[in-house]
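Quick note: the sequence shown uses our numbering, first residue 4, plus one each step. For glycine and all other residues, C-beta sits at the position ideal for the given N, C-alpha and C. Inspection log for the structure reproduced underneath, given as structure tokens.
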Amino acid sequence: MKSSVSVVGAGIVGLTVAWSLARAGARVTVYDSEPGSGASWVAGGMLAPYSEAWPGEEGLLALGAQSLALWEGFATALQPYADGPLITARGTVWLAVDDGDAEELATVTTAVGDERLFAALRPSAALRTIPGAAPRIRAAAQAPSELAVDNRLVHRALLAACAATGVELRAEAVRAPSDLPGDAVIVCAGADSVDLLPGCAVRPVKGEVVRLRRAPSCLPPPEVTVRARVHGRPVYVVPRADGVVVGATQYENDRDLAPRVGPVVELLGDAFTVLPFLREYELVEVTAGLRPTRPDNLPLLGRVDGRVFAATGHGRNGILLAPVTGARAVDMVLDQEVHAWN
Ligand code: GLY
Numbered sequence: 004m005k006s007s008v009s010v011v012g013a014g015i016v017g018l019t020v021a022w023s024l025a026r027a028g029a030r031v032t033v034y035d036s037e038p039g040s041g042a043s044w045v046a047g048g049m050l051a052p053y054s055e056a057w058p059g060e061e062g063l064l065a066l067g068a069q070s071l072a073l074w075e076g077f078a079t080a081l082q083p084y085a086d087g088p089l090i091t092a093r094g095t096v097w098l099a100v101d102d103g104d105a106e107e108l109a110t111v112t113t114a115v116g117d118e119r120l121f122a123a124l125r126p127s128a129a130l131r132t133i134p135g136a137a138p139r140i141r142a143a144a145q146a147p148s149e150l151a152v153d154n155r156l157v158h159r160a161l162l163a164a165c166a167a168t169g170v171e172l173r174a175e176a177v178r179a180p181s182d183l184p185g186d187a188v189i190v191c192a193g194a195d196s197v198d199l200l201p202g203c204a205v206r207p208v209k210g211e212v213v214r215l216r217r218a219p220s221c222l223p224p225p226e227v228t229v230r231a232r233v234h235g236r237p238v239y240v241v242p243r244a245d246g247v248v249v250g251a252t253q254y255e256n257d258r259d260l261a262p263r264v265g266p267v268v269e270l271l272g273d274a275f276t277v278l279p280f281l282r283e284y285e286l287v288e289v290t291a292g293l294r295p296t297r298p299d300n301l302p303l304l305g306r307v308d309g310r311v312f313a314a315t316g317h318g319r320n321g322i323l324l325a326p327v328t329g330a331r332a333v334d335m336v337l338d339q340e341v342h343a344w345n
């Protein structure tokens, strides 16, 4: 008989888990009162395990690299359900503005420890790959295999893919995972997971993100994701078909979703320091989201109790880690291995 699985949460992680299980033969129902209203909506969509690497986070680096390797196949399988190209950039260029920023870049380079994945780039070469970038760069590096995706298109495509694969979506809030039917229940509820699994150690970490649209006569968005450190502050600019996403602030601020003026102005100022032409873009949207973060920055993937499982706590990396999380869910719930998406 077919296994039946309830999934709590219809963000990118929850829908990827649901789609993965349905493709593997399970009967799947997803519960979410507001599908895609959380971090999946706010995110920039960078798939960047290398340019966010840090000493002591080797487990996260390995998991991110594994999921990045799955992403091409995942995007190819998902593309027929999408309204536009899911992948919006190939490659990341990392720019350091001052000596301290260059030291930080050296730490990232050492943490990756593989020149094929993350390699120093002469500032002049970096600037040639980003027309319109400011000329005063202290150091640079590139991660050629990293990708960026349009997270909102990914989410919409996953809704369509799930529907086409027989996944049922119920717009219902869940009070306790054990109330739900099925042979297994998987909690993929992002920052809300702690309400459903009190021991999961997921806390919300706020981030503000700005969306800008290219105005007529402006330079086009860069073709690569641009990540920079500007006098100690991080900023990234992720290309979209019609503009860019600028992100992101990061601070512990409970569940407050109101963007704050000061941090957003500072974020935009840092983006303008490296890409001055963005000043002429149109301001489309400022949003704040909550990264579901665990103390070790690794997601919780496994059985919690009886038939209840967790696939949550992906922190800054929910979109990157979605394909590997889907594969792990199939493995842990259906005891099948998934090696590729196509
Ligand atoms: N992954 C980027 C961020 O969380 O801001």
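For residue i: DSSP bridge partner residues
{"i": "V1", "result": "In this structure the chain extends from 4 to 345, so residue 1 is not present and cannot be described."}
{"i": "W44", "result": "Paired residues: none, contrary to the question."}
{"i": "W97", "result": "A144, R230"}
{"i": "M49", "result": "A151"}
{"i": "T32", "result": "S9, E171"}
{"i": "P295", "result": "P207"}
Close beta carbons around residue i, own chain, < 8 Å, minus the five adjacent residues each side
{"i": "L337", "result": "S6, L24, A27, G28, A29"}
Best match in the options for proximity to residue i [C-alpha to C-alpha]
{"i": "A78", "options": "A92, R217, A65", "result": "A92"}
{"i": "P207", "options": "G59, R173, G246, S196", "result": "S196"}
{"i": "A40", "options": "G135, L162, L301", "result": "First, the residue type needs correcting, since residue 40 is Ser and not Ala in the sequence shown. If we check each option's Cα against that of S40, L162 comes out closest."}
{"i": "P224", "options": "A204, G193, E285, R178", "result": "E285"}
{"i": "A160", "options": "P184, C191, A13", "result": "A13"}
{"i": "Y239", "options": "D35, L270, R217", "result": "L270"}
{"i": "E255", "options": "G235, V287, G210, V111", "result": "G210"}
{"i": "E171", "options": "G17, E340, L222", "result": "G17"}
{"i": "V248", "options": "R230, H234, V311, G235", "result": "R230"}
{"i": "L120", "options": "N300, E106, A137, E149", "result": "E149"}
{"i": "I322", "options": "W74, G59, G202", "result": "W74"}
For residue i, three-class secondary structure by DSSP
{"i": "E171", "result": "strand"}
{"i": "E106", "result": "helix"}
{"i": "E60", "result": "coil"}
{"i": "F312", "result": "strand"}
{"i": "Y239", "result": "strand"}
{"i": "A218", "result": "coil"}
{"i": "I15", "result": "helix"}
{"i": "L324", "result": "coil"}
{"i": "R178", "result": "coil"}
{"i": "Y284", "result": "coil"}
{"i": "G135", "result": "coil"}
{"i": "T91", "result": "strand"}
{"i": "G329", "result": "helix"}
Beta-carbon contacts of residue i that lie in its chain and below 7 Å, excluding the five residues immediately before and after
{"i": "E37", "result": "none"}
{"i": "A261", "result": "A291"}
{"i": "A176", "result": "S36"}
{"i": "D308", "result": "none"}
{"i": "D186", "result": "S6, S7, V8, R310"}
Residues near residue i in its chain [Cβ-Cβ closer than 6 Å; skip 5 each side]
{"i": "Q69", "result": "V327"}
{"i": "A105", "result": "A99, R141, A142"}
beta-carbon residue i near the ligand FAD non-hydrogen atom, thresh 6 Å
{"i": "R319", "result": "Questions concerning the ligand FAD fall outside what the structure shown contains, since the ligands it does hold are the ligand GLY."}
Nearest-angstrom beta carbon gap, residue j and residue i [assumed within contact, 8 Å]
{"i": "E212", "j": "G48", "result": "Rather than Glu, the amino acid found at residue 212 in this sequence is Val. V212 to G48, Cβ: 10 Å. No contact."}
{"i": "V190", "j": "R297", "result": "Not a contact, Cβ separation roughly 13 Å."}
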